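Here the sequence shown stands for residues 388 to 522, numbered as in the working numbering.
Quick reminder that beta carbons are idealized off the backbone N, C-alpha and C, glycines included.
All of these numbers come straight from a predicted model, not from anything done at the bench.
Okay, so here's the structure we're looking at.
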Amino acid sequence: MSRQLIGLKTFFLITVAALVLASCGKDSTDQPGKIGYPEETAKLISQVTSGVIASDDEIRVRFTSEIIKQNIVGQTVSEKVFEFSPGIDGVTKWENAQTLVFKPNAKLPMREKYSGKLIIEKLLPKLADKNPLPL
Numbered sequence: 388m389s390r391q392l393i394g395l396k397t398f399f400l401i402t403v404a405a406l407v408l409a410s411c412g413k414d415s416t417d418q419p420g421k422i423g424y425p426e427e428t429a430k431l432i433s434q435v436t437s438g439v440i441a442s443d444d445e446i447r448v449r450f451t452s453e454i455i456k457q458n459i460v461g462q463t464v465s466e467k468v469f470e471f472s473p474g475i476d477g478v479t480k481w482e483n484a485q486t487l488v489f490k491p492n493a494k495l496p497m498r499e500k501y502s503g504k505l506i507i508e509k510l511l512p513k514l515a516d517k518n519p520l521p522l
């Protein structure tokens with residue numbers, strides 16, 4: 388065998404081994420751009436604010452269909468329907484019949500990582516069996 392062919396085989400094996408090792412132990416939530424929430428959440432929610440956001444951004448949850456009546460649009464949700472870790476104080480309002488918006492009371496600290504859950508039973512008691520929905 389020629390040296391060039393042996394070199395190519397060695398390079399190929401090292402590349403494959405590196406790719407296999409790099410992918411071990413990762414799930415879909417570790418990959419940028421991938422959201423790893425359950426199928427039942429995807430059936431109710433079509434879009435959520437995620438990834439890197441500005442410190443003064445609002446957090447939006449858009450449902451797959453209209454879930455409130457038009458007369459409720461613009462109203463503040465009195466129940467605490469979001470849980471954030473670390474905690475965030477703010478106000479939740481209906482932007483439209485499909486979109487719930489959480490506006491933090493203050494700018495969020497830079498370079499902080501947050502996770503959140505929507506407590507669906509407080510928002511829509513008829514969907515209590517879906518509580519809580521990870522976002």
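Whole angstroms are fine: how far does the CA of residue j sit from the CA of residue i?
{"i": "Ser452", "j": "Thr486", "result": "9 Å"}
{"i": "Thr428", "j": "Gly438", "result": "18 Å"}
{"i": "Phe489", "j": "Phe471", "result": "11 Å"}
{"i": "Val435", "j": "Gln457", "result": "21 Å"}
{"i": "Pro512", "j": "Ile459", "result": "16 Å"}
{"i": "Gly474", "j": "Ile440", "result": "16 Å"}
{"i": "Lys480", "j": "Ile507", "result": "14 Å"}
{"i": "Ile454", "j": "Val478", "result": "19 Å"}
{"i": "Gln462", "j": "Phe450", "result": "17 Å"}
{"i": "Glu599", "j": "Val464", "result": "Residue 599 is absent from the model: the chain starts at 388 and stops at 522."}
{"i": "Arg498", "j": "Pro425", "result": "27 Å"}
{"i": "Asn344", "j": "Asp476", "result": "There is simply no residue 344 to check, as the chain begins at 388 and stops at 522 in what is shown."}
{"i": "Asp444", "j": "Tyr501", "result": "13 Å"}
{"i": "Gly503", "j": "Ala484", "result": "21 Å"}
Would a C-beta distance cut-off of 8 Å place residue i and residue j closer than the cut-off?
{"i": "Glu466", "j": "Lys509", "result": "yes"}
{"i": "Leu495", "j": "Ser433", "result": "no"}
Among the residues of its own chain, which have a CB less than 6 Å from the CB of residue i, if the five just before and after it don't count?
{"i": "Ile446", "result": "Thr436 and Phe489"}
Quick one: residues in its chain with C-beta nearer than 8 Å to the C-beta of residue i, no 5 flanking neighbours on either side, listed in chain order?
{"i": "Asp417", "result": "Residue placement at Asp417 is poorly supported in this model, since its pLDDT is 47, which falls under 50; the coordinates are not used for a value here."}
Please give me, in chain order, every unbroken run of the beta strand (DSSP E) with length at least 3 that falls completely inside the region 443-519.
446-450, 469-472, 477-481, 486-491 and 502-505
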